[in-house]
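Each residue of the sequence shown is one higher than the one before, starting from 1 at the first, in UniProt numbering. To start, the structure itself, in structure tokens.
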Amino acid sequence: MRSLVSDSELRRHPVLYRVVLLSLAVLFVVVFVFPLYWMVTGAVKTPVELAQPVPTVVPHSWHPETYLDAWRKLDIGRYLLNTAFYALGGWLFQLIVDVAAAYALSKLRPRFGKLILGGMLASLMLPAAALLVPSYLTVADVPLLHVNLLNTPWALWLPGAANAFNIYVLKRFFDQIPDELLDSAGIDGAGRLRMLWHVVLPLSRPVLAVVSIFAVIGAWKDFLWPLLVLQDPGSQTISVALSRLAFNGYVTPNEMFAGLAIASIPMVVVFAVFQRSILSGLSAGALKG
């Protein structure tokens with residue numbers, strides 16, 4: 001396979017290739033890593049240094065105790081537990097709904113299945129902000145049941161249970177599983193659910209890991225929807241709680257930096273540990289084998 005630049009051209013200009021490659025690598029590091037560096041170092045600065053017109057890249061004085069002060073003052077532990085609870089619940093509901101939908105579209109092949117899948121993919125073209133008002137009205141007064149789900153975990157879990165992108169990724173992976181395996185299981189007396197549990201899911205561990213990571217990270221970093229549906233301060237996520245405390249002027253800027261740095265640690269660790277699974281799972285779901 002030929003890339004944008006052929007191997008012969010690379011061998012002809014090795015110095016230029018290394019310079020361009022190194023420059024791009026440095027550029028990406030600066031663009032993605034510098035905001036994290038600024039957040040971490042901003043926490044150890046004094047409020048006076050943070051307020052200076054000319055920002056300092058390297059802190060003049062180091063105050064690492066700010067992280068401990070922020071942990072205690074902002075009650076970060078409780079909000080991290082809230083966020084973890086919402087993220088795990090959202091992951092469970094997404095996995096159940098998305099796997100069931102993808103399995104039905106891939107292996108059960110219902111009538112109008114392609115039309116249904118097309119409608120799901122078309123929903124990805126809608127901006128998330130356009131869905132806020134109808135989604136809020138739905139959880140504020142659930143149709144037919146007339147139940148108010150505001151300030152409950154269900155307001156976060158139910159609207160995000162069906163994820164069109166995850167369903168598409170799962171379906172693409174399920175399509176690669178030979179139908180002969182399911183036919184053999186059917187001959188042995190396995191039903192549709194048993195085929196899913198004992199045949200499809202064990203073979204789908206890579207893509208299930210990808211969907212799980214995306215679900216947890218998406219629930220963890222979500223801000224606008226939890227801000228709308230979780231008005232009770234005691235039930236808010238870490239991002240909403242930090243925003244509320246910053247708006248009320250309850251914390252200093254360096255303490256807010258420390259709180260943001262602590263809140264970002266779990267997802268940075270998750271991505272660093274599972275990045276290989278993310279890439280391998282996505283490639284497995286995108287290629288026909």
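Every residue, glycine too, gets a C-beta built ideally from N, C-alpha and C.
Here the C-alpha atom of Ser106 lies approximately 30 angstroms from the C-alpha atom of Leu132. The straight-line gap separating the alpha-carbon atoms of Val147 and Ile177 is approximately 41 angstroms. Remark: three or more beta-carbon pairs, one from each stretch, lie closer than 8 angstroms, so the segment 244–262 and the segment 64–84 are flagged as touching. Taking every protein chain shown into account, the CB of Glu255 has 16 or more other CB atoms within 10 angstroms, so this residue is buried.
Inclusion of Leu149 and Val139 in the CB contact set at 8 angstroms is warranted, their separation being smaller than that value.
Boundaries of the alpha helix (DSSP H) harbouring Gly118: Gly113 to Ser123, taken from the DSSP string. Pairing Leu245 with Thr237 gives a Cβ-Cβ distance that is not under 8 angstroms. For Pro110, same chain residues with a beta-carbon under 7 angstroms away, outside a window of 5 residues either side, are Ala104 in chain order. When DSSP states are grouped into helix, strand and coil, Ser61 belongs to the coil group. Lys45 carries a coil assignment under DSSP once its states are collapsed to helix, strand and coil. Rounded to the nearest angstrom, the Cβ distance from Ala87 to Ala219 is 4 angstroms, consistent with a contact under 8 angstroms. Between the alpha carbons of Ala43 and Leu16 lies a distance of about 40 angstroms. Scanning Met267, Leu181, Phe274 and Leu144 for the CA closest to the CA of Thr83 turns up Met267. For the pair of segments examined, the segment 179–186 was found not to touch the segment 49–60: the number of CB pairs separated by less than 8 angstroms stays below three.
For the 8 angstroms CB-CB criterion, Leu36 and Ala102 do not form a contact.
A distance below 7 angstroms between beta-carbons, with the five flanking residues on each side excluded, links Gly89 to the following residues of its chain, in chain order: Pro153 and Trp157. For the pair Val211 and Leu126, the CB atoms are not nearer than the 8 angstroms cut-off. Its chain contains Pro253 as the residues whose beta carbon lies nearer than 8 angstroms to that of Ala51, once the 5 sequence neighbours on both sides are disregarded; these appear in chain order. In this structure, the beta-carbon distance from Lys73 to Val251 falls below 8 angstroms. For Ser204, there is no enclosing alpha helix (DSSP H), since its DSSP letter is neither H nor E. DSSP places Leu126 outside both helix and strand once states are collapsed to three, so it counts as coil. Between Ser204 and Phe174, the C-beta gap is smaller than 8 angstroms, which places the two residues in contact. Its chain contains Gln236, Thr237, Ile238 and Ala241 as the residues whose beta carbon lies nearer than 7 angstroms to that of Tyr79, once the 5 sequence neighbours on both sides are disregarded; these appear in chain order. Rounded to whole angstroms, Glu49 and Gln275 show a C-alpha spacing of 36 angstroms.
A distance below 6 angstroms between beta-carbons, with the five flanking residues on each side excluded, links Lys45 to the following residues of its chain, in chain order: Pro59 and Asn254. In this structure, Val97 keeps its C-beta atom at 8 angstroms or more from the C-beta atom of Ala155. The DSSP-derived three-state label of Leu181 is helix.
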